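The block underneath contains the structure these notes are about, expressed in structure tokens.
Residue numbers (the working numbering): 24 to 315.
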């Protein structure tokens, strides 16, 4: 009978430890994903901004040397990421591939113009910079027109600001929730040992002596939970990097290392503080208050 009770108690203890580790791992895993989002939010927004194309249409009278000089000057500009010359023949082939029919069969000639597609660096994809670039290009007498989607640029910049703000707000809220969840799990674990704590205190053990094993046990559980969370974050990061290689998610190992170290330390600090507070609470309770 005694053996059965001891086995039951061990199973309850293991179950309690497992639930604590699982809750710590899940919370830290979600915090890690949120950290990845914050670290790469600008990189993701920059990637989409740099997909915006400024198309410079050239007049028929434009000479090859003038076009090459314009391309060279654009390439040397601090606001340009890349340029590509698109001949009217290439443009016609692209339209034919998109529409599935050759429009020149109906018209009898190619009405399209030679053009230069310009991809800007993300920091310069604003309405003000684009208007300046447009005016500068139109100052060339062989440039016919400059086109870009100004509405898309405005919408994108406004959405980036809104998303950045809400990501920071959600990060703060989620961090508080994470601390509260881990704290609750630790308190429940310590609560199950409240009578043991009070018994040790009644036989003369000091508060520090009673508290020490609980703190170290929780810290070990926090370390295990943090390692599980880091493993999960690493798997997600590897998958995202393979799926979206253009984002270069592994480009800055120092920041990633700091994120991983932060998650690991957070698991230790939160469990240490939560256990300290929980044990202190039960140490300060009177014996008759343990039943409430």
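C-beta atoms are modelled at their ideal positions from N, C-alpha and C, and glycine is treated no differently. Quick caveat: nothing in here was measured; it's all calculated off a predicted structure.
Taking C-beta to C-beta, are residue i and residue j nearer than 8 Å?
i, j, result
"residue 61", "residue 190", "yes"
"residue 76", "residue 140", "yes"
"residue 80", "residue 167", "yes"
"residue 59", "residue 290", "no"
"residue 102", "residue 144", "yes"
"residue 237", "residue 198", "no"
"residue 43", "residue 209", "yes"
"residue 256", "residue 56", "yes"
"residue 108", "residue 121", "no"
"residue 68", "residue 183", "yes"
"residue 204", "residue 46", "yes"
"residue 114", "residue 165", "no"
Beta-carbon within less than 7 Å of residue i's beta-carbon, same chain only, minus the 5 sequence neighbours each way: which residues are those?
i, result
"residue 142", "73, 76, 104, 105"
"residue 202", "293"
"residue 150", "173, 176, 177"
"residue 98", "106"
"residue 161", "169"
"residue 239", "none"
"residue 194", "57, 61"
"residue 263", "272"
"residue 187", "64"
Smallest Cα separation from residue i: which of the options?
i, options, result
"residue 118", "99, 136, 102", "136"
"residue 179", "296, 300, 43, 71", "71"
"residue 230", "301, 286, 83", "301"
"residue 267", "96, 243, 66, 90", "66"
"residue 242", "153, 152, 296, 161", "296"
"residue 288", "244, 186, 181", "244"
"residue 325", "153, 53, 163, 112", "Since the first residue of the chain shown is 24 and the last is 315, residue 325 is not available in this structure."
"residue 159", "185, 146, 96", "96"
"residue 211", "185, 246, 304, 155", "304"
What does a CB cutoff of less than 6 Å around residue i pick up in its chain, not counting 5 residues either side in sequence?
i, result
"residue 274", "none"
"residue 116", "none"
"residue 283", "253"
"residue 41", "none"
"residue 1", "Residue coverage of the chain in this structure runs from 24 to 315, which leaves residue 1 outside it and unanswerable."
"residue 78", "138, 140, 170"
"residue 90", "none"
By Cβ distance, which residues of its chain are closer than 8 Å to residue i, with the 5 residues on each side in sequence left out?
i, result
"residue 233", "220, 223, 224, 302, 306"
"residue 32", "Note that residue 32 has pLDDT 48, beneath the 50 cutoff, so the model's placement of it is unreliable and no number is given."
"residue 110", "137"
"residue 269", "70"
Under three-state DSSP, which class holds residue i?
i, result
"residue 141", "strand"
"residue 267", "coil"
"residue 104", "strand"
"residue 262", "helix"
"residue 73", "coil"
"residue 83", "coil"
"residue 174", "helix"
"residue 226", "coil"
"residue 192", "helix"
"residue 149", "coil"
"residue 300", "helix"
If residue i and residue j are in contact, beta carbons under 8 Å, what's the gap, nearest whole angstrom?
i, j, result
"residue 63", "residue 272", "6 Å"
"residue 280", "residue 48", "Their Cβ separation, rounded to whole angstroms, is 20 Å, which puts residue 280 and residue 48 out of contact at 8 Å."
So, is the C-beta of residue i closer than 8 Å to a C-beta in chain C?
i, result
"residue 96", "In summary, chain C is missing from the structure at hand, where a single protein chain is found."
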